[in-house]
Amino acid sequence: VVRAMVLLALVAVACGDPRAATTEHGCRESNSSLSAGAIRRALQQGGDQAAAKDVAFIYIAMGPVIMSPLFFHATRTAREHGNWKGEIFVITDRPHCAPPGTTPLFSPSEPPLGSDMDNVTYYKMMKTRVFSLLPLHVMYAIYLDSDIVIRADVQPLLDERFRLRIPTFGVAKSERSNILMFARLKPDEPAHSGVVIAHRVISRICLSAWGNQMLRLKHTRDQAALGMVVRLGVCKPGPLPEKKLASTPTSRRVRNDGPWKMLVHVTRTGQWERLRTLGLLPKLGEQLLNVQGAASDTWWFASNEHCRAVP
Numbered sequence: 027v028v029r030a031m032v033l034l035a036l037v038a039v040a041c042g043d044p045r046a047a048t049t050e051h052g053c054r055e056s057n058s059s060l061s062a063g064a065i066r067r068a069l070q071q072g073g074d075q076a077a078a079k080d081v082a083f084i085y086i087a088m089g090p091v092i093m094s095p096l097f098f099h100a101t102r103t104a105r106e107h108g109n110w111k112g113e114i115f116v117i118t119d120r121p122h123c124a125p126p127g128t129t130p131l132f133s134p135s136e137p138p139l140g141s142d143m144d145n146v147t148y149y150k151m152m153k154t155r156v157f158s159l160l161p162l163h164v165m166y167a168i169y170l171d172s173d174i175v176i177r178a179d180v181q182p183l184l185d186e187r188f189r190l191r192i193p194t195f196g197v198a199k200s201e202r203s204n205i206l207m208f209a210r211l212k213p214d215e216p217a218h219s220g221v222v223i224a225h226r227v228i229s230r231i232c233l234s235a236w237g238n239q240m241l242r243l244k245h246t247r248d249q250a251a252l253g254m255v256v257r258l259g260v261c262k263p264g265p266l267p268e269k270k271l272a273s274t275p276t277s278r279r280v281r282n283d284g285p286w287k288m289l290v291h292v293t294r295t296g297q298w299e300r301l302r303t304l305g306l307l308p309k310l311g312e313q314l315l316n317v318q319g320a321a322s323d324t325w326w327f328a329s330n331e332h333c334r335a336v337p
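For any residue, its number in this note's numbering is found by taking its place in the sequence shown, counting from 1, and adding 26.
Okay, here's the thing in structure tokens:
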């Protein structure tokens, strides 16, 4: 990483302009911005980017969510299907129930005394406070809802974080993203908070304002609170490429055995109840979770075996 930074600095010094790039004949003006791919390639010259030691996947599993079979499989598929070898943190009020291969971060099960915030809003607000719980070496947090299953290598999702790594030359500060999410078409809710990529420093003001807005309103959807701070210009969510990264578990896709993209938000848009009514949950478990045999007929009724084993 240090060598890559030195290479980029030498280009800027030699050409007299940080936006310049070199050719065999000298210097020329570059494009107006550095793409995520260009930054990633520069970093790969100086070290093994795939190790991603400054990145962690984050799940929030408060209350009964920690017992959910979908949550248990979500963390498992991050390893088995996503090839993620880094850290996975679970924010929970039941740290003894954290699935194998994850690190629990304890949080109280209820809002602070004197608060009239409901528990669901309190749980959702925690995604805006993740860096207060994470170890200091974690600079990038990739938050996933507990019902999102991973079906393919997570490298394309990891690469997206470079959009938050350094200021983009040639782009006005007011136009830079300070957090990454899937976009929505609703005017009051411009982004979906089921997948969030945040940076400890770059996203700090956005996360703080977002959480404070939820505290102030007390009973609101986290996405509606985000929309308010977006309109104030505090949060500037950059869109993640949803068509490239995510797919919805429609009945047609389940019947046709896919195709599936990296992220599958299993219960989004009410598809879960439709699949249950049509009797397609066993087939869904076989395709997404590799649940085979008799277990495929009841996997959605199962609970966290690890938690049940702990007194």
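Ideal Cβ placement from N, Cα and C applies to all residues, glycine included.
Kindly indicate the opening and closing residues of the beta strand (DSSP E) around residue i.
i    : result
P130 : T129 to F132
T324 : Looking at the DSSP string, T324 is not in any beta strand (DSSP E), and its letter there is neither H nor E.
L170 : Y166 to L170
V180 : That residue, V180, is in no beta strand (DSSP E); it is neither H nor E in DSSP.
Which same chain residues end up closer than 6 Å to residue i when comparing Cβ atoms and leaving out the 5 residues on each side of it in sequence?
i    : result
F98  : P125 and N330
S322 : P308, G311 and E312
P130 : V116, T118, P121 and A124
P137 : M143 and Y148
E50  : Any reading at E50 must be qualified, since the residue scores a pLDDT of 34, below 50, and its modelled position is unreliable; no value is offered.
E268 : F208
For residue i versus residue j, is the C-beta spacing smaller than 7 Å?
i    : j    : result
M165 : I86  : no
R187 : I223 : yes
I117 : Y169 : no
P213 : V256 : no
S203 : G264 : yes
L306 : S273 : no
A167 : V156 : yes
A100 : V146 : no
M288 : L271 : yes
A328 : P134 : no
H107 : R177 : yes
A78  : L184 : yes
K150 : D80  : no
L233 : T154 : yes
F208 : V221 : yes
What does a CB cutoff of less than 8 Å around residue i pick up in its chain, not counting 5 residues either side in sequence?
i    : result
N238 : none
R230 : F157
H163 : K79 and D80
L206 : E186, R187, R189, L190, V222, I223, A224, P263, G264, P265 and L266
The alpha helix (DSSP H) spanning residue i covers which residue range?
i    : result
A400 : No information on residue 400 is available, as it lies outside the stretch 27 to 337 that the chain covers here.
V91  : Careful: V91 lies outside any alpha helix (DSSP H) and carries neither H nor E.
T147 : N145 to M151
Chain C beta carbons: is any one of them nearer than 7 Å to that of residue i?
i    : result
L306 : The structure shown contains no chain C; it holds only a single protein chain.
Can you give me the Cβ contacts of residue i inside the same chain, cut-off strictly under 7 Å, excluding the 5 residues immediately before and after it?
i    : result
L243 : A251
V91  : F97 and S172
H332 : C123, P125 and P126
Q318 : E312
H225 : M165, Y166 and L190
W298 : V292
What does residue i pair with, by DSSP beta-bridge criteria?
i    : result
A82  : E113 and A167
T118 : F132
V156 : Answer is none; V156 lacks a bridge partner.
Practice task
Could I get the ranges of all uninterrupted alpha helix (DSSP H) runs contained in the stretch 186-259, with 4 residues as the minimum, in chain order?
Solution key: Taking only runs of at least 4 residues, the alpha helix (DSSP H) segments lying wholly in the stretch 186-259 are 230-243 and 248-257.
Practice task
Any chance you could list the alpha helix (DSSP H) runs of at least 4 consecutive residues sitting entirely within the stretch 261-317, in chain order?
Solution key: If we require 4 residues or more, the alpha helix (DSSP H) runs fully inside the stretch 261-317 come out as 268-271, 277-281, 297-303 and 307-315.
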